[in-house]
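The structure under discussion appears below in the form of structure tokens.
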Amino acid sequence: GAFMDRSLLEGDPYALIEGMAIGAYAIGAAHGFVYVRAEYPLAIERLSQAIAESQRRGLLGRNIFNSDFTFELSVRIGAGAFVCGEETALMNSVEGRRGEPVQKPPFPSERGLFGKPTVINNVETFGNVAAIIRNGSNWFSQIGTPNSTGTKVFALAGDIQNTGIVEVPMGITLGEVIFDIGGGIPKGKRFKVAQTGGPSGGCLTREHLNTPIDYQSLVELGAIMGSGGLICMDEDTCMVDVARFFMEFVQEESCGKCVACRLGTKRMLEILERITQGKGVEGDVEQLIELGETIKETALCGLGQTAPNPVLSTIKYFRDEYDEHIRNHYCRAGVCQNLFLSPCENACPAGVNVPGYIALIAANRPVDAYHLIRQENPFPAICGRVCTHPCESRCRRAQIDDPLAIVDLKRYAADEALKSYKPAVDLVFPKKGKSVAIIGAGPSGLTCAYYLGRLGYTVEVFETQPVAGGMLAFGIPEYRLPKQVLEREIQSICQVGITLHTGMEIGKEVSFETLRKDHDAIYIATGTQHSRKVGVPGEDMKGVYHGLDFLRDVNLGAPVSIQGVVAVIGGGSTAMDAARVAKRLGATEVHILYRRSIEDMPADKREIHEAMEEGIQIHELVQPISFEGRSRVEKVVCKRMKLEGFDREGRRKPVAIPNETIIYDVDLVIPAVSQYSDLPFVKRDDVEMTDWGTFIIDRETHKTTMDGVFAGGDVVRGADVVITAIADGKQAARSIDLFLGGDGVLNKGEPIEIPQPMDDPDLLEHERFGMKCLDPEERCHSFDEVFAGFHKLNAIAEAMRCLRCDRR
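In the working numbering, the protein residues as written are 200 to 1007.
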């Protein structure tokens, strides 16, 4: 029995004994063996006691129930060799020989244990026999699916709230097992993959959460049921390392009898180890696939035939991770230690040296910290306020108490450096005699301009709006990002010699063809500038004010009148910002209507908490179906929703509850459900684009299908966050430099000396230092910045909590 079978051996060994006795009676067998791993002493003890008690009561032994039926039962203790899961290897082990598989035929039913016909079944199978006979086959067939009847015992393990042994009906979906029974993924992490069937199994991803768990469905997906192991993994799991781990286990467990398994798995392991060490080369993945398929076809036993499954399935569903390891020497999960210095830096899309600037703050050198940040990200003060800080989710300090306040420390360094209001002076290379046009003065466009300007290119930036900044300027309220902070950082960027043209729309003031003619390369970073409609009746009525239009008018100083009850539709950052702005402009009530649960809201959790503190009401599981009113909107009619199944991203899908609606009386509706890009100056026939109006690019180079034209940020990704837009602009600058004959190495200025790490035992356990925050009653009537920033001493103390994971 495997580790999920031990629960039956320990809890109800008589079910196994009864099932085996019935099976023996049916086929005329006189002796049975239970093969149990030596690692399960309690199971061995209880099974042995149950066998002895059954013999004492005449339920085992000679002439059972005074009949001519004799059945003896013995326990054989195995050494835990994985290969002994194969039936012929198991029989060899029971006979006292080395656990090696034997070529078939003959099959065990013809010539098996000790040369006699043998039936081999799992502990779980025999445990069901008595219940089936007692209740009938029809009763058992009612459970499960037509092709996989009954129940299955699974051992839930890995990144899941409720680990342990569960028995579920066949056909239950993977999502139900993981989220309804297992309680989901701990610490708010996202589910990434489940490995079924143990080391020889395959992986099931988010898109498979609705998959019924039965033998046929799993095989179709390249996985197996195996003995019932179900290992859950969260977003911090590296699939290349997972494949390496399982291949290492299988390689060690290989009996070595056949060349395919013995040498093939060894070669696969060597390739995987090279890839995880950053030494992979082009062609490695193809070689893994070829080796894996060959081993599956030629290995002698089930162990070898299924050994490549974890590798082949991870390549199938996570090929991009293999490519990142090989081409970019990048492990997005932050697991393969040869590919990164610290988990936080690795998680930052812009690659900011997080431990470095935190060490500088701890040494009371905030200005140096600011300049270190600007080497990788020209927006320290802005990102210190609005970044979604993926770095904090990987902070190892969270394993002790709380993750470091990385984003708040970034803000502190920037605020200290900008107190004098002197733009940073950056080293700029001599002019190269080549020019680049950048369309869009948002974070992605300005980042690209900044790095190209420092390399010596002549850079012109064209912005339709009257001010630069893109969504930073018109999409984020001043209580989160003060205008003065934005202006200062843009000025620091422009001092590298960038020419900024605001209020200039491409296609009107200047044609796209003229830009292509006058410049050597073009980078398009226009973002997603328009609110997508909800698509319900009444959306064109007065009193419906779409989210981006609303925020743009407020931020650019247009007159906006708010009174009465406001309903905001959506759950992202735009919806949250619109709701909080409406509250500040005088709305008596603000209601956020969201079709999923609050836990599924894409907005930052801190923003959601702050909004609720300010009295904004969030109504989950409601979806508008119409806006109603006479001369203007007066009501929002919504369906009530429930969560069923899962979408491709692993979130629960909202489904309408029949005949259940709810009506909200409102004075203003602000839909903020999504955004899209509109580029009238680019003809779809000239460049490849998606149906959403975003560019299709080469992800490595940011090249579009139009020669000399690059794109990045939201106009490629769809509505996303600031830090990814910055990362795109930075990568595009490298690619444009290469395209124009450069070496692709950015000019980041002089290196900054970083203090050596020191261990302070007094700070081994200390909660996270917080920042002062305006009282909700005060801030909901003001556009003053909500958080005041760190005091110097608190910033230094918080920085000293860093464990310096970058040390080697």
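Where is the CB? At the ideal position from N, CA and C, for every residue including glycine. Keep in mind it's a predicted model, so treat the numbers as computed, not measured.
- Query: Residues bridged to Gln816 by DSSP?
  - Reply: His790
- Query: Span of the beta strand (DSSP E) holding Ala766?
  - Reply: 764-768
- Query: Taking the alpha carbon of Met369 as the point to measure from, which residue in Gly363, Gly357, Ile384, Thr348 has its own alpha carbon closest?
  - Reply: Thr348
- Is DSSP giving Ala278 helix, strand or coil here? coil
- Cβ-Cβ distance between Ile263 and Ile216 below 8 Å: no
- Message: Counting C-beta neighbours from all protein chains within 10 Å, is the total for Ile599 16 or more, i.e. buried, or is it exposed?
- Response: exposed
- Query: Whole-angstrom Cβ separation of Asp435 and Arg595, contact assumed at under 8 Å?
  - Reply: Their Cβ separation, rounded to whole angstroms, is 11 Å, which puts Asp435 and Arg595 out of contact at 8 Å.
- With 16 other Cβ atoms within 10 Å as the buried cut-off, status of Tyr793: buried
- Message: Rounding to the nearest angstrom, what Cα-Cα distance links Val392 and Leu408 in this structure?
- Response: 9 Å
- Query: Could you give the distance in angstroms between the alpha-carbon of Glu183 and the alpha-carbon of Pro629?
  - Reply: Outside the shown range of the chain (200 to 1007) lies residue 183, about which nothing can therefore be said.
- Query: Near Gly501, which residues of its chain fall below 6 Å by C-beta distance, leaving aside the five closest residues on each side in sequence?
  - Reply: Glu285
- Would you please state the rounded distance, in angstroms, between the beta carbons of Ile723 and Val908? I believe it to be under 8 Å. 7 Å
- Query: Looking at Gly917 and Gly644, is the spacing between their C-beta atoms short of 8 Å?
  - Reply: no
- Could you work out which residue in Gly892, Pro240, Met670, Thr324 is closest to Ile922 when comparing CA atoms only? Met670
- Message: Quick check on this structure: which residue in Val235, Leu714, Ala278, Val318 has the alpha carbon closest to the alpha carbon of Met219?
- Response: Val318
- Task: Just the C-alpha distance for Val836 and Glu712, rounded to the nearest angstrom, thanks.
- Result: 47 Å
- Since I believe Ser830 is in contact with Thr725 (beta carbons under 8 Å), could you give me their beta-carbon distance rounded to a whole number of angstroms? Between Ser830 and Thr725 the Cβ distance is about 36 Å, and since that is not below 8 Å, they are no contact.
- Query: Is it buried or exposed for Pro307, if we count other Cβ within 10 angstroms and need 16 for buried?
  - Reply: buried
- Query: Does the beta-carbon of Tyr649 have 16 or more other beta-carbons within 10 angstroms, so that it is buried, or is it exposed?
  - Reply: buried
- Message: Closest to Ile817 by C-alpha separation, out of Phe826, Ser825, Glu798, would be which residue?
- Response: Glu798
- Would you call the region 853-873 and the region 743-762 in contact, with 3 or more CB pairs under 8 Å? yes
- Leaving out the 5 sequence neighbours to the left and right, which residues in its chain are closer than 6 Å to Glu271 when beta-carbon positions are compared? His230
- Task: Could you tell me whether the Cβ atoms of Arg531 and Val985 are closer together than 8 Å?
- Result: no
- Taking the alpha-carbon positions, what's the Asp803 to Thr587 distance? 7 Å
- Query: When the Cα of Phe313 is compared with those of Thr287, Ile332, Gln302, which residue comes out closest?
  - Reply: Thr287
- Query: CB-CB under 8 Å to Ile815, same chain, minus the five flanking residues each way: which ones, in chain order?
  - Reply: Ala778, Arg779, Lys782, Val789, His790, Ile791
- For Gln415, the first and last residue of its enclosing alpha helix (DSSP H): 414-419
- Message: If contacts are defined as beta-carbon pairs under 8 Å, then Val854 and Lys834 qualify, I think. What distance do you get, rounded to the angstrom?
- Response: Going by Cβ atoms, the distance from Val854 to Lys834 rounds to 23 Å, so no, they are not a contact pair.
- Task: Might you give, ordered along the chain, the residues of its own chain that have their beta carbon closer than 6 Å to the beta carbon of Thr404, omitting 5 neighbours on each side?
- Result: Val392, Tyr516
- Query: Using a Cβ-Cβ cut-off of 7 Å (strictly less than) and excluding sequence neighbours within five positions of Phe539, which residues of its own chain qualify?
  - Reply: Cys530, Gly533, Asn545
- Give the DSSP bridge partners of Gln248, in chain order. Answer is none; Gln248 lacks a bridge partner.
- Message: For a test of the three-state rule: what should DSSP assign to Lys707, helix, strand or coil?
- Response: coil
- Query: So who's on the other strand from Met670, going by DSSP bridges?
  - Reply: DSSP output for Met670 lists no bridge partner at all.
- Exposed or buried, Pro385, counting other C-beta atoms within 10 Å across all chains shown (16 or more means buried)? exposed
- Is there contact between the region 507-525 and the region 438-446, where contact requires at least three CB pairs shorter than 8 Å? yes
- Message: If you reduce the DSSP assignment to three classes, tell me which class Ser876 lands in.
- Response: coil
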